[in-house]
Amino acid sequence: MAETVICPNPNLNAFENALQQFESAAKVLNLTPNQVAVIKEPRRIIEIKLPVRMDDGRIEMFKGYRVQHNIARGPAKGGVRFHPDVNLDEVKALAFWMTYKCAVVNVPFGGGKGGVICEPSKLSVGELERVARRYFAEMIDIFGPDKDVPAPDVGTNQQIMAWFVDTYAMHKRKYIPAVVTGKPMELGGSAGRVEATAQGIVHCIHEAANHLNIDLKKSSVAVQGYGNVGSNSAKILYDEGCKILAISDVSGAYYNENGLDIPAIHEHLKTHRLLDGVDKKVKASKMEKPTDLLELNVDILIPAALGNQITGKNAGKIKAKIIAEGANGPITPDADEILRKNNIFVIPDILCNSGGVTVSYLEWVQNRMGYYWNNEYIQNDLSRIMKTAFTDVLSTSKHYNVDMRIAAFIISIQRVTRASELRGLYA
Ligand code: NAD
């Protein structure tokens with residue numbers, strides 16, 4: 000099981016963290032109370048109970064959520080998480096971040112997020128499929144290409160997106176691939192979607208290194224979380240010549256001061272779900288305390304697991320020059336303040352991990368026009384969109400003399416507010 004990192008203020012939950020970030024930017028923008036009221040809180044919250052028949056014949060009731068935070072700029076967009084720690088506050092926070100993430104990269108979506116409280120690794124394939132299909136069927140009127148478009152997140156993958164899109168097709172009696180993104184290529188998925196979040200993170204790291212005059216080829220990296228985002232980020236950076244000193248997943252953290260053999264580790268992962276045992280295959284030692292990975296003396300730290308990992312308790316011990324937030328909400332607001340004082344350059348989640356939703360947008364566009372671009376086209380567009388967003392955020396941070404997170408919120412809050420005001424209030 001994942002090690003639980005205790006937030007320094009136990010009353011500070013993910014959604015409260017998100018609202019604190021919002022308020023810091025809203026203050027700079029001098030938003031009126033009316034403007035704040037319209038864009039701050041989620042617009043729709045759905046909580047459901049899913050009866051699912053287990054392999055042994057029992058019926059188990061799972062709890063699921065979908066939150067639509069804001070749809071002023073387009074349909075709600077955001078992943079569905081399958082994890083035992085899913086809770087409403089977390090889903091609200093993740094939906095909130097999606098609204099502002101889509102606005103930072105200027106893709107025409109609002110923000111949504113969903114989740115089911117379950118432990119996918121403890122479900123059989125059949126049970127997992129039944130949980131996925133039941134969740135989608137219960138939400139059938141909520142989802143739609145022009146309403147709310149889910150995607151993978153922690154604990155969900157392309158196969159689950161395939162079950163989602165098939166469930167939708169069975170109900171609507173026609174195939175509508177644009178209802179879900181992150182699908183397998185065979186079902187209308189996009190080239191480059193699997194690695195898109197990681198590739199976007201790497202684009203941001205390039206821009207940050209350039210800004211800080213850091214030579215990436217001589218850089219060292221630590222990556223927390225070795226799923227889709229973490230493993231692909233490590234692989235791309237390794238291929239570019241960076242030394243990956245440490246990586247971790249729920250099974251532990253693995254370290255080599257001379258750099259880990261990432262291709263050999265990826266070979267291991269072809270037949271193993273976790274990193275467990277990798278220290279017997281490559282030169283690596285297992286760290287006693289996995290969270291020590293965060294405090295290693297590296298140039299670049301990529302938290303790519305779950306939220307609230309860098310808190311007021313450990314922020315002062317971080318030595319990295321750049322933190323690229325692969326995960327959503329890995330840094331608490333009190334930690335942010337410490338990192339700012341220590342001159343650590345944080346690339347905030349709503350910018351840094353927006354490559355995934357950017358290619359999801361390209362997937363949605365391709366599904367709607369029925370014409371598919373090749374990977375080269377997708378990579379060019381992703382690179383252009385990420386670099387533009389990074390440059391906008393950096394120049395906003397200089398203009399207002401604020402950190403990159405507040406700058407990203409300033410840009411995105413302005414876009415969401417403007418869209419809301421242009422649409423006005425119906426009735
Ligand atoms: P994933 O399920 O593929 O991987 C999660 C990884 O984190 C696994 O390796 C797991 O073992 C590890 N992990 C969990 N708890 C840990 C802990 N306490 N310490 C170390 N490792 C731990 O999920 P993912 O899609 O890679 O997503 C990771 C993060 O990135 C999440 O916060 C997600 O919201 C965010 N994100 C994902 C995408 C995407 O496209 N997949 C896009 C944007 C943001």
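Numbering (the working numbering), first residue to last: 0 to 426.
Think of the CB as a built atom: it goes at the ideal place given N, C-alpha and C, for glycine as much as any other residue.
Bear in mind the structure is a predicted one, so any value in this text is a computation, not a measurement.
- In the three-state reduction of the DSSP assignment, GLY111 falls in the strand class, which pools E and B.
- Here the stretch 246 to 263 makes contact with the stretch 290 to 302; the two share three or more CB pairs at distances below 8 Å.
- Counting along the chain, the unbroken alpha helix (DSSP H) around SER419 starts and ends at 403 to 422.
- In summary, ILE377 is buried, with 16 or more beta-carbon neighbours lying within 10 Å of its beta-carbon over all protein chains present.
- Rounded to the nearest angstrom, the gap between the Cα atoms of ARG404 and PRO107 is 21 Å.
- GLY111 has its CB no nearer than 8 Å to any heavy atom of the ligand NAD.
- Assignment of TYR225 by DSSP, reduced to helix, strand and coil, places it in the coil class.
- The continuous stretches of beta strand (DSSP E) do not include HIS271, and DSSP gives it neither H nor E.
- Here the alpha carbons of HIS82 and PRO119 stand approximately 7 Å from one another.
- With a cut-off of 8 Å, the C-beta of PRO107 is classified as distant from the ligand NAD, since no heavy atom of the ligand falls inside that distance.
- Rounded to whole angstroms, the separation of the alpha carbons of MET169 and ARG65 is 21 Å.
- Between GLU294 and ASN313, the C-beta gap is smaller than 9 Å, which places the two residues in contact.
- At least one heavy atom of the ligand NAD is found less than 8 Å from the C-beta of ASN352.
- Contact between ALA131 and GLY328 fails: their C-beta atoms lie close to 24 Å from each other, not under 8 Å.
- Rounded to the nearest angstrom, the gap between the Cα atoms of ARG339 and ILE384 is 26 Å.
- Positions of the alpha helix (DSSP H) runs, each at least 4 residues long and wholly inside the stretch 248 to 326, are given as 261 to 270 in order along the chain.
- Counting only runs of 4+ residues, the alpha helix (DSSP H) found wholly inside the stretch 138 to 213 occupies 157 to 171, 195 to 211, in chain order.
- Looking at the DSSP output, PHE81 shares a beta bridge with VAL115.
- For VAL356, the uninterrupted alpha helix (DSSP H) segment begins and ends at 354 to 368.
- Rounded to whole angstroms, the gap between the alpha carbons of THR387 and LEU393 is 10 Å.
- Collapsing the DSSP output to three states places TYR237 in a helix.
- In this structure, the beta-carbon distance from ILE349 to PHE408 falls below 9 Å.
- A distance of 9 Å or more separates the beta carbons of ASN231 and ASN156.
- Closer than 8 Å to some heavy atom of the ligand NAD: that does not describe the Cβ of VAL115.
- Per DSSP, the continuous beta strand (DSSP E) segment holding VAL51 begins and ends at 43 to 52.
- DSSP places ASN400 outside both helix and strand once states are collapsed to three, so it counts as coil.
- By the Cβ criterion, the stretch 33 to 47 is in contact with the stretch 412 to 419, since at least three pairs of Cβ atoms, one from each stretch, lie closer than 8 Å.
- CA-CA distance, CYS203 to GLU40, rounds to 29 Å.
- Take PHE163, set aside five residues on each side of it, and the residues of its chain with a beta-carbon closer than 7 Å to its own are ALA131, PHE135, PRO149, VAL179, in chain order.
- Between the stretch 194 to 208 and the stretch 232 to 239 there are three or more C-beta pairs closer than 8 Å, enough to call the two in contact.
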